[in-house]
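Report on the following structure.
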Amino acid sequence: MAALQIQGLKKAFGGLPAINGVSLEVAEGERRLIIGPNGAGKTTLFNLVTGDLPADAGSISLLGKDISRLATHRRAHRGLARTFQIITLFPKDTLEHNIVLSLLGMSPARWDGFSAFSTDLYRSAREILQRVNLEGLATRPLSDVSYGEKRRVEIAMALAQKPKVLLLDEPLAGLSREERATVKALIAAIPRDVTVVMIEHDMDTALDMAERITVLHYGSVIVEGTRAEVVADPKTREVYLGY
Amino acid sequence: MRKSWVLATAMFLCLPLVAGEYYVNLACQIFIFAVFAASINLLLGYGGLATLGHSAYLGLSAYLSALAALKLGLGHALAALAALAGTTLAAAAFGLIALRATGLGFLMLTLALSQVLWGTAYRWVSVTDGDNGLRGLSRPFQMDDAFSFYYFSLAVTVFSLWMMARYVGSPLGAALKGTRDQPRRMAALGYDVWLIRWITFVYAGFWGAVSGLLFVYYHKYIHPISLSLAYSAEGLLAVIAGGSGTLAGPLVGAAIVMLLKNYVSAYIERWNMLLGFVFVLIVVFMPEGVVPGVKRIWLRFRSRG
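Going down the list, the sequences are from chains A and B.
Just so you know, we're using the numbering used here here: the first sequence kicks off at 3 and counts up by one.
Just so you know, we're using the numbering used here here: the second sequence kicks off at 661 and counts up by one.
Okay, here's the thing in C-alpha cells:
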C-alpha cells in the first residue's frame, strides 16, 4: 500500500494551470524528492496534499484512505505533517511552547478551555527539543534563535505530531553550510516508519538524501525514477539542470 | 501579576469606605464596561478578530431579561437564565454567519448583525416600546442602594475576569492565540481553526450577555442605544486603549472611557472630542495600549536605575 497516492490532481489559478494532472505514488518509508524550476508547482502540490488549497480535480489518498475532501486539520490527524517554505512559527513564544502547541494539536486536551497546561506536555516538549539538540534554548523566545535553529524547531514540531507522511518544503533553504549539515543529519535520522516527501532546490545536498525523485515542470510530472535515472534523463537536464 | 490583581481587588473592596455614592456608582459602571470590554478582548486581543457588533450581546441580554420580567413575569433568577441562554444561542447563530469571513469581512458582518438587532429594538415598538425603552425594572436581591449593588457587580466582575483569564491561559486559549498569529500553521498542526474561533465567539457572547445583565440591573432601564454601533465602538476603543491581548487592558480601558464619559462630561460638553483626543495620544505614545505601554516605560526606568 502506498503511503501517499495522488491521481490526476489539477489546480488552476485564474485559468492558468499550476498543477496539471499530477499522479504519483510514494511507498511507505520512502524518501522522495520533488524538484523542478521555479513556478513548476512544487509548493502548490504540497498545499493541495495538505488541504491548504482545494483541488479542481483528482484524488489524494493517505495510506489507502481518500483524504481529498478532508479539511487540513483532519488530514493532520490522519498522519500528515508538513513544514513550510517560509518558516511559520510563533516568534514571541518560547521554543518549548512552540513544541507544546504541536503536541497539543494531536491531543484532545486542546479543547480544554479552563485548566492550566499539563506539566507532562512541557516535559515531552523538552524531550523533543533534546532530540534536536535545542534543549538548552527551550525557554528562549523563538525570535531570539538563529534561522537554522528555527528550521530545526519547525522539523521537530512536525515530528512531534508523530506523522506517517512528512512533507518538507525546502528545509535547507537559506541555511549556512554548517546549519545545512545539521538539518540534513536531522532529516536523515527521521525513523523509517515515517515517509518523507521533500522539495529542495539545493540539488547537491538533496539528491543523496532521496531514494526516488520526481521532476515537475509547468505543473506536470515529466520524469520520475531513481537518482541515476532522473539525472541521466535529457528532460531533466533540459528543464532543470539547464543543459 | 497575581499579586497586583489581589491588590486591585482589595482596593476595590475598600473603595465604598472612602468614596461617596457618586464614585461608587461610577465604579459600578466601570465594572460593567470592563466585563463588556474583556469579552471583546477575547475576540480582538486573543483571537485577532476585530468586531463592531458586540453591543448586540450586551443589549440583547438586557432586553431579554427585561422582557422576561415585564412580559412573562419571571423572577430575576429565571429571567437571568433566559437572557444568558437566549443571548448565547444568538451568539452561536451569529458566529456561524460572521465567521464565514475574517478581517474586514468579519468586522462588517458583526456590524450588520448587531444593526439588525438595533433596528428591531427601535422598530418593534409593541415589544420593545421603541425609542422609549423598557422601564419599571428592578435589581435582584433588592439591591437598590449603591453600596450593595457595588459589591454585587464587583463580585460578578472579578468572577467574569477570572473565568476569561482561565480561558486565555488554558490550552484552548493558547490554540486561540495560535490561530490569531499563524492560522495556516495551526491547521497543519491539527487544530480546527474555525471551530476554535466559533467557540471563542460564543464564549465572548456569553460574557457580553453577563455585562448586559449587570447593565440592565444598574440602570433599571434599557434603550435601543445599548445595541448601537456607538456602544460597540466604545468597547473596542476601551480594549485598544487599555491594551488588547492583556488581561488588565480592558479594565483600564473601561475606566478611561467611563471616566471621560461620566466624569469629564460633567465639565466638558463635547466629551466625545476629548475621548478622541485621549485615544490619539494613547495611540501616538503607547501604540500597544496603556497597560503594556506603562509596563514598557516602567521596565526601561528600572533598567536605567
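From the three backbone atoms N, C-alpha and C, an ideal C-beta is built for every residue, glycine too.
{"Item": "Beta carbon of Q87 of chain A nearer than 8 angstroms to that of E172 of chain A", "Value": "yes"}
{"Item": "Residue closest to V862 of chain B, alpha-carbon to alpha-carbon, out of A:G115, A:A230, A:A127, A:A162", "Value": "A:G115"}
{"Item": "Collapsed DSSP secondary structure at T255 of chain A in the structure displayed", "Value": "Summary: the structure shown does not reach residue 255 of chain A, with chain A confined to residues 3 through 245, and so no result is reported for it."}
{"Item": "Proximal residues of chain B, C-beta to C-beta of M108 of chain A below 9 angstroms", "Value": "L849, G850"}
{"Item": "Within chain B, the residues that H219 of chain A reaches when beta carbons sit closer than 8 angstroms", "Value": "Chain B residues near H219 of chain A: none, gap ~27 angstroms exceeds 8 angstroms."}
{"Item": "Where S104 of chain A falls: helix, strand or coil (DSSP)", "Value": "helix"}
{"Item": "S699 of chain B beta carbon near the ligand GDP (any heavy atom closer than 7 angstroms)", "Value": "Summarising the ligand content, the structure contains no ligands, and the ligand GDP is consequently not present."}
{"Item": "7 angstroms Cβ shell around S886 of chain B - same chain, five flanking residues per side excluded", "Value": "S715, L718, G719, A722, F875"}
{"Item": "Spatial distance of L170 of chain A from L896 of chain B (CA atoms)", "Value": "41 angstroms"}
{"Item": "Backbone secondary structure at S969 of chain B - three-state DSSP", "Value": "Since the first residue shown for chain B is 661 and the last is 965, residue 969 of chain B is missing from the structure and cannot be characterised."}
{"Item": "Rounded straight-line distance, which links the Cα of A698 of chain B to that of L907 of chain B", "Value": "8 angstroms"}
{"Item": "Residue range of the beta strand (DSSP E) that includes K13 of chain A", "Value": "4-15"}
{"Item": "Spatially closest choice to G60 of chain A from A:A158, A:N135, A:I21, by CA coordinates", "Value": "A:I21"}
{"Item": "Per-residue burial, W822 of chain B [other beta carbons within 10 Å of its own, 16 or more giving buried]", "Value": "exposed"}
{"Item": "Beta-carbon spacing of G829 of chain B, F92 of chain A below 8 angstroms", "Value": "no"}
{"Item": "Proximity winner among B:P676, B:T669, B:A739, B:A745, relative to G868 of chain B (alpha-carbon distances)", "Value": "B:A745"}
{"Item": "Where R956 of chain B sits in the DSSP three-state scheme", "Value": "helix"}
{"Item": "Burial state of F866 of chain B (16 or more Cβ within 10 Å)", "Value": "buried"}
{"Item": "Residue closest to L168 of chain A, alpha-carbon to alpha-carbon, out of A:H79, A:L106, A:D95, A:V225", "Value": "A:H79"}
{"Item": "Span separating the alpha-carbon of Y683 of chain B from that of E156 of chain A", "Value": "53 angstroms"}
{"Item": "Simplified DSSP state of D171 of chain A, which is helix, strand or coil", "Value": "strand"}
{"Item": "A59 of chain A - containing beta strand (DSSP E), residue span", "Value": "59-64"}
{"Item": "8 angstroms Cβ cutoff, R179 of chain A in contact with chain B", "Value": "no"}
{"Item": "Members of the stretch 926-952 of chain B that neighbour chain A once the beta carbon cut-off is set at 9 angstroms", "Value": "none"}
{"Item": "8 angstroms Cβ cutoff, D841 of chain B in contact with chain A", "Value": "yes"}
{"Item": "Between the CA atoms of V196 of chain A and T96 of chain A - distance to the nearest angstrom", "Value": "27 angstroms"}
{"Item": "Cβ-based neighbour list, A726 of chain B, same chain, cut-off 7 angstroms, excluding 5 preceding and 5 following", "Value": "L794, L797, V876, I882"}
{"Item": "8 angstroms Cβ cutoff met for L741 of chain B and A758 of chain B", "Value": "no"}
{"Item": "Three CB pairs or more closer than 8 angstroms across the stretch 29-42 of chain A and the stretch 210-222 of chain A", "Value": "yes"}
{"Item": "Below-8 angstroms beta-carbon distance, R857 of chain B vs any chain A residue", "Value": "no"}
{"Item": "Any C-beta of chain B under 8 angstroms from that of L91 of chain A", "Value": "yes"}
{"Item": "Within chain B, partners of Q87 of chain A - CB distance below 9 angstroms", "Value": "Per Cβ cutoff of 9 angstroms: no residues; Q87 of chain A is ~12 angstroms from chain B at best."}
{"Item": "Rounded C-alpha distance that separates A111 of chain A from P831 of chain B", "Value": "7 angstroms"}
{"Item": "Beta carbon of L712 of chain B nearer than 8 angstroms to that of L767 of chain B", "Value": "yes"}
{"Item": "D68 of chain A at chain B interface by Cβ criterion, 8 angstroms", "Value": "no"}
{"Item": "Residue of A:H99, A:K67, A:I224, A:N49 minimising C-alpha distance to L83 of chain A", "Value": "One detail in the question is off: residue 83 of chain A reads as Ala in this sequence, not Leu. Checking every option, the nearest Cα to that of A83 of chain A belongs to A:N49."}
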